[in-house]
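Numbering (this note's numbering), first residue to last: -3 to 263. Don't be surprised by glycine CBs; every beta carbon is placed ideally from N, CA and C. Note that the structure is a prediction, hence the values are computed from the model and not measured. Let me begin by presenting the structure, written as structure tokens, before commenting on it.
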Amino acid sequence: MTRPYAVRAPFAVRAPVTVAALTLLAGCSQGSAGTTGTPQDPPARTLTVLAAASLQRSFERIGSDFEGDHPGVTVRFGFGGSSGLVAQLADGAPADVLATANEPTMDTAVAEGLVAGEPTPFASNRLQIVVPKDNPAGIRSLGDLADPGAKVVLCAPAVPCGAASVAVEQAAGIDIRPVSEEQSVTDVLGKVRSGEADAGLVYVTDVAGAGDEVAGLDVAEAASARSTYPIATLTRADDAALAEEFVAAVTGAEGQSVLQAAGFAAP
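Here it is, written out as structure tokens:
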């Protein structure tokens, strides 16, 4: 099964699982002896994928399907703010594949020499206002988020969802003063879901994934701040061929179907 990967600290590389020993069966039949053996299990392999927090539900589904198609493979995920993931890779965190929530963050990874080959855009996303289901603050529009009395939570400008939020503010000509700035879109969603905040700006896919716990309000200006998601194999990948196969699974028809079902649009 897919396993989460805590990206804050290095992890020990697993030793290969011993292949099942062949069983020798001896028998006598008219003075002859024969041997039969059980098939060898495929070698155990682990693929580590670091991905933007907004991809968690979709990638866990794709990862599960990938494991089913690749016996012996375990996919481990690390989800978080894209810029934080790149920073940890630069500090030496081991991983095979990186997927970020915007292209500038992937460009940073390329500039750091972390990426092998050319990143591939595979999805896009846009922002939406998220409010608690009962919307106690009566938020109705983007302008309401600039109200001094509104408790609004945004992503920090350094992460992709924060950069998109800044672009939306600029397009609307407003200045939102958040009560806190978070390092990932899931943290923003969590504060709205818990009632700590009256509203926030998150991706459409995050609102959809939260079900009836929250409500989403469309933002016309979000069209000018669409986020394109790229994916790439990494230079320090333990198994480059396997990493490339995972990228192909994400960009292929089945992976795209999973992403579209979650609300992602084409890149």
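{"Query": "C-beta atoms of ALA105 and LEU123 nearer than 9 Å", "Result": "no"}
{"Query": "Proximity below 9 Å, CB of GLY88 to CB of VAL155", "Result": "no"}
{"Query": "Option in VAL162, THR42, SER54, SER50 with minimal Cα separation from GLU250", "Result": "SER54"}
{"Query": "Through-space distance from GLN36 to THR201, alpha-carbon basis", "Result": "42 Å"}
{"Query": "Inter-stretch contact (C-beta, 8 Å, three-pair minimum) for the segment 41 to 51 and the segment 61 to 73", "Result": "yes"}
{"Query": "Residues near GLU108 in its chain [Cβ-Cβ closer than 8 Å; skip 5 each side]", "Result": "VAL82, LEU85, ALA86"}
{"Query": "Nonlocal neighbours in the same chain, by C-beta distance under 7 Å from ALA211, ignoring five residues either side", "Result": "VAL127, LYS129, ASN131"}
{"Query": "Contact the segment 170 to 189 vs the segment 204 to 219: 3+ CB pairs below 8 Å", "Result": "yes"}
{"Query": "Span separating the alpha-carbon of GLU241 from that of ASP235", "Result": "10 Å"}
{"Query": "Other residues of its chain near GLY64: CB distance less than 8 Å, five sequence neighbours each side excluded", "Result": "none"}
{"Query": "Reduced DSSP secondary structure (H/G/I, E/B, other) of ALA163", "Result": "helix"}
{"Query": "Among LEU138, GLY145, CYS151, ALA193, the one whose alpha carbon lies nearest that of GLY169", "Result": "LEU138"}
{"Query": "9 Å Cβ cutoff met for TYR225 and THR96", "Result": "yes"}
{"Query": "Segment limits, alpha helix (DSSP H) that includes PRO100", "Result": "99 to 107"}
{"Query": "With 16 other Cβ atoms within 10 Å as the buried cut-off, status of VAL203", "Result": "buried"}
{"Query": "Nearest residue (CA-CA) to GLY205, options GLU165, VAL181, ALA193", "Result": "VAL181"}
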